[in-house]
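S.K.:
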Amino acid sequence: MRLGSSGRAAPVAVVTGAAKGIGFGIAKRLERAGCQVSAWDNNLRPLCGRHRFAHEVDVDVVHADSVACAVERTLADLGRIDVLVNNAGVNGPTVPVWEYPEAEWDRVLAVDLKGVFLCCRAVIPHMREQGSGRIVNVSSVVGKEGNAKAPAYSAAKAGVIGLTKSLAKDLVGEGVLVNCVTPAMVETELLLEMTSDYIDMVRAKIPMGRLCTVEEVADMVAWLAGPECTFCTGAVFDLSGGRATY
Ligand SMILES: NC(=O)c1ccc[n+]([C@@H]2O[C@H](COP(=O)([O-])OP(=O)(O)OC[C@H]3O[C@@H](n4cnc5c(N)ncnc54)[C@H](O)[C@@H]3O)[C@@H](O)[C@H]2O)c1
């Protein structure tokens, strides 16, 4: 079903971190489903010459003022926000806790967890007022299992799962559903920066024997953001090829 197929104006979907990688795939998928996409990113350059969304906003999700301006601009230009996909994220260094720089801990937690909180906090009053909305947070299988040498990322992504569940409960009965997805490693350009040994090691943990694709994440997010998702909230949707056991 197309998201905008009910005869109403096309739904407006905000996707953070939409300029590249998984966010770009999600934004394109939502566009294909009939949404007007507002692409939020603190570096919109990768979109130049590649694709133009209906709306693009330069925003840093770690700053409340920047997020408030992005909401204001999206509402002024597109009139409403029906979907919020919190996808923007960073990995941080790959070292154990005892070597992890405090500044990097703060940066990863700020983007990956506080950024989700700030975007939700800014958009929700509008969704509550309209009595409808869909929020999809991009967590990671790492938030369930914890990866060695990724303490901040593991903690932040686990935090996103907790935030999703808490927020969903606060919004029950208001027409706003909140869910998250937990992909295993996804095939993106990032793989070009990794050694084949490391990729093989990660792939070996996945019973299906392959990595997740951007399209698989985008399809699941589109369903969670769409009209067919009516009885799921506060839930964690697995995309790990059988790796996660809960
Ligand atoms: N790549 C994977 O294997 C994988 C697996 C599971 C989950 N995830 C999650 O998926 C999401 C997207 O990952 P990706 O691999 O596409 O990453 P990516 O680095 O390709 O894209 C991330 C995007 O977020 C933007 N961004 C970063 N900080 C920002 C900020 N402060 N404000 C606004 N935008 C900001 C970047 O500019 C970039 O466009 C992340 O949350 C990541 O943790 C990725």
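Numbering (this note's numbering), first residue to last: 1200 to 1445.
Cβ atoms here follow ideal geometry from the backbone N, Cα and C, with glycine treated the same way.
(1) Going along the chain, which unbroken runs of the beta strand (DSSP E) with 3 or more residues stay wholly within the stretch 1257-1299?
(2) Got a sec? Which residues, its chain only, sit under 7 Å from T1444 by beta carbon, not counting five neighbours each side?
(3) Compute the minimum distance between the beta carbon of N1241 and the heavy atoms of ligand 1, and state whether it is under 7 Å.
(4) Whole angstroms is fine: what's the gap from K1368's alpha carbon to F1316's?
(5) What is the DSSP secondary structure of P1210, reduced to helix, strand or coil?
(6) Pull up the CB-CB distance for V1341 and A1349, whole angstroms please, since I reckon it's below 8 Å.
(7) In the DSSP assignment, what are the bridge partners of W1239?
(8) With R1333 as the anchor, note down where its beta strand (DSSP E) starts and where it stops.
(9) In angstroms with no decimal places, state the Cα-to-Cα distance between H1262 and T1381.
(10) Quick one: is W1239 buried, meaning 16 or more other Cβ sit within 10 Å of its Cβ, or exposed?
(11) How should M1400 be labelled, buried or exposed, when 16 other C-beta atoms within 10 angstroms of its C-beta is the threshold for buried?
(12) Which partner residues does V1380 have in the DSSP bridge list?
(13) Go to C1186, then tell me how far its alpha helix (DSSP H) extends in each direction, as first and last residue.
(14) Restricting to Cα atoms, I'd like to know which of T1432, K1313, P1300 and C1268 is closest to E1373.
(15) Considering Cα atoms alone, identify which of W1422, M1326, D1257 and A1403 is closest to A1269.
(16) Using only the alpha-carbon positions, how far apart do F1436 and C1247 sit?
(17) Give every residue of the same chain whose Cβ lies closer than 7 Å to the Cβ of F1223, excluding the five residues on either side of it in the sequence, and list them in chain order.
(18) For P1406, which residues of its own chain have a beta-carbon under 8 Å away from its beta-carbon, when the five flanking residues on both sides are left out?
(19) Taking all protein chains shown into account, decide if M1326 is buried (16 or more other Cβ within 10 angstroms of its Cβ) or exposed.
(20) V1375 by DSSP, collapsed to three states: which one?
(21) Looking at the structure shown, is A1367 part of a helix, part of a strand, or coil, going by DSSP?
(22) Run the CB neighbour count on G1332, radius 10 Å, all protein chains shown included, and call it buried at 16 or more, exposed below.
(23) Between A1287 and ligand 1, is the CB less than 7 Å from at least one heavy atom?
M.R.: Straight from the coordinates:
(1) 1282-1285
(2) Counted from its first residue, the sequence shown places residue 1444 at position 245. No residues qualify anywhere along the chain.
(3) Here the question's residue 1241 lines up with position 42 in the sequence shown. Within the cutoff, so yes.
(4) Working through the sequence shown from its first residue, we reach residue 1368 at position 169. Working through the sequence shown from its first residue, we reach residue 1316 at position 117. Straight-line Cα distance between these residues: approximately 15 Å.
(5) The residue you call residue 1210 lines up with position 11 of the sequence shown. It is coil, neither helix nor strand.
(6) For the purposes of this step, residue 1341 is taken as the residue at position 142 of the sequence shown. For the purposes of this step, residue 1349 is taken as the residue at position 150 of the sequence shown. The pair is a contact, with the Cβ atoms about 6 Å apart (cut-off 8 Å).
(7) What you label residue 1239 is simply residue 40 of the sequence shown in a count that begins at 1. DSSP output for W1239 lists T1215 and V1256 as bridge partner(s).
(8) Residue 1333 sits at position 134 when you count from the first residue of the sequence shown. First-last of the beta strand (DSSP E) with R1333: G1332 to V1337.
(9) Along the sequence shown, read from residue 1 onward, the residue named residue 1262 stands at position 63. Along the sequence shown, read from residue 1 onward, the residue named residue 1381 stands at position 182. About 25 Å.
(10) Counting from 1 along the sequence shown, the entry for residue 1239 is found at position 40. So W1239 counts as buried.
(11) If you number the sequence shown from 1, residue 1400 lands on position 201. It is exposed - the Cβ of M1400 has fewer than 16 other Cβ atoms within 10 Å.
(12) For this step, residue 1380 is matched to residue 181 along the sequence shown. Partner(s): V1337 and F1436.
(13) Any question about residue 1186 goes unanswered here, given that the chain covers just 1200 to 1445.
(14) Residue mapping note: residue 1373 aligns to position 174 of the sequence shown, counting from 1. It is T1432.
(15) If you number the sequence shown from 1, residue 1269 lands on position 70. The shortest C-alpha separation from A1269 is found at D1257.
(16) Your numbering for residue 1436 matches position 237 in the sequence shown. Your numbering for residue 1247 matches position 48 in the sequence shown. Each residue's alpha carbon lies about 32 Å from the other.
(17) For the purposes of this step, residue 1223 is taken as the residue at position 24 of the sequence shown. Here the set comprises A1217.
(18) Position 207 of the sequence shown holds residue 1406. Correct list, in chain order: G1440, G1441 and R1442.
(19) As a working note, residue 1326 is residue 127 in the sequence shown. M1326 is buried by the Cβ-count criterion.
(20) Start at 1 with the first residue of the sequence shown, and residue 1375 comes out as number 176. Correct three-state label for V1375: strand.
(21) Within the sequence shown, residue 1367 is the residue found at index 168, counting from 1. Three-state DSSP puts A1367 in a helix.
(22) One-based indexing of the sequence shown puts residue 1332 at position 133. Buried is the call here.
(23) In the sequence shown, the residue the question calls residue 1287 occupies position 88. Indeed, a heavy atom of ligand 1 lies less than 7 Å from the Cβ.
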